[in-house]
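Each residue of the sequence shown is one higher than the one before, starting from 70 at the first, in the numbering used here.
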Amino acid sequence: MESITTFEKLYEYLQENNNTLVQVDVEEYTPLLYALDNEDPNMVMKMLDLGASTCRLDHVHPFEGTALAMACKRQMWYVAMRMLEFGSQACNLHSPDDDGDTAFAVTCALGEKDVAMRMLEFGVKACNVHHENVNGETALDYALMNGMDYIVTKLEAQT
70 MESITTFEKL YEYLQENNNT LVQVDVEEYT PLLYALDNED PNMVMKMLDL
120 GASTCRLDHV HPFEGTALAM ACKRQMWYVA MRMLEFGSQA CNLHSPDDDG
170 DTAFAVTCAL GEKDVAMRML EFGVKACNVH HENVNGETAL DYALMNGMDY
220 IVTKLEAQT
């Protein structure tokens with residue numbers, strides 16, 4: 070699958086694929102993941118406007134993790150907030166990437182309090198906060214490292 074880099078290519082792709090963006094290529098990328106990889110927030114937002122199931126928001130890429138985690142890794146915070154509007158299940162919030170990091174852990178590792186708080190609205194279980202990555206670190210560890218006191222307090226109160 071070729072990366073969709075223009076709105077014209079997006080509309081062409083939609084016409085060829087029954088108005089869906091569900092295709093997963095041999096490298097485990099969806100059109101949404103390609104748009105995120107290209108760091109094109111306008112294209113991502115346009116795809117999200119089509120709906121969570123239409124753009125395979127729940128797909129987990131082996132290395133990148135979920136689309137939500139990918140948006141967080143690229144510090145596309147308003148895109149992450151838009152994805153969270155679809156809910157924790159639609160975003161596959163609890164799923165880790167190959168390194169064992171979840172979207173919540175990535176958010177805490179980068180010190181983004183607003184997105185972390187929004188994720189926590191879905192609950193500790195949904196955020197998979199106790200999951201350890203390959204280095205044995207959890208989201209709580211990252212929150213502590215980044216001085217995210219309010220997040221730490223919320224996590225400790227809910228565990």
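No residue lacks a Cβ here, since even glycine has one placed at the ideal position from N, Cα and C. Bear in mind the structure is a predicted one, so any value in this text is a computation, not a measurement.
Need the endpoints of the alpha helix (DSSP H) that residue i sits in, please.
i    : result
S122 : Careful: S122 lies outside any alpha helix (DSSP H) and carries neither H nor E.
Y147 : W146 to L153
R187 : K182 to L189
I73  : That residue, I73, is in no alpha helix (DSSP H); it is neither H nor E in DSSP.
L58  : Residue 58 falls outside the range modelled here, since the chain spans only 70 to 228, and no answer is possible.
S164 : Element bounds for S164: n/a, residue is neither H nor E.
V175 : A172 to A178
Y219 : D218 to Q227
L101 : P100 to D106
V193 : V193 to C196
For residue i, list the residues DSSP reports as bridge partners.
i    : result
T135 : V129
Excluding the five sequence neighbours on either side, which residues of its own chain have a C-beta within less than 7 Å of the C-beta of residue i, listed in chain order?
i    : result
H42  : Residue 42 lies beyond the range of the chain shown here (70 to 228); nothing can be said about it.
E133 : L102, M139 and D166
R187 : M150 and L153
L213 : V221
Y211 : A174, C177 and A178
Whose CA, out of the options, lies closest to the CA of residue i?
i    : options                   : result
T74  : E108, V175 and N86        : E108
Y82  : P100, V95, V184 and D94   : P100
A226 : L189, C177 and M116       : L189
Y147 : L90, L105 and G216        : L105
G156 : L137, N202 and T89        : L137
K182 : C196, A159, D94 and D218  : D218
N197 : N215, G180, M112 and N161 : N161
Counting only the same chain and skipping the five closest in sequence on each side, list residues whose C-beta sits under 6 Å from that of residue i.
i    : result
G192 : none
C141 : A149, A172, V175 and T176
H128 : T99
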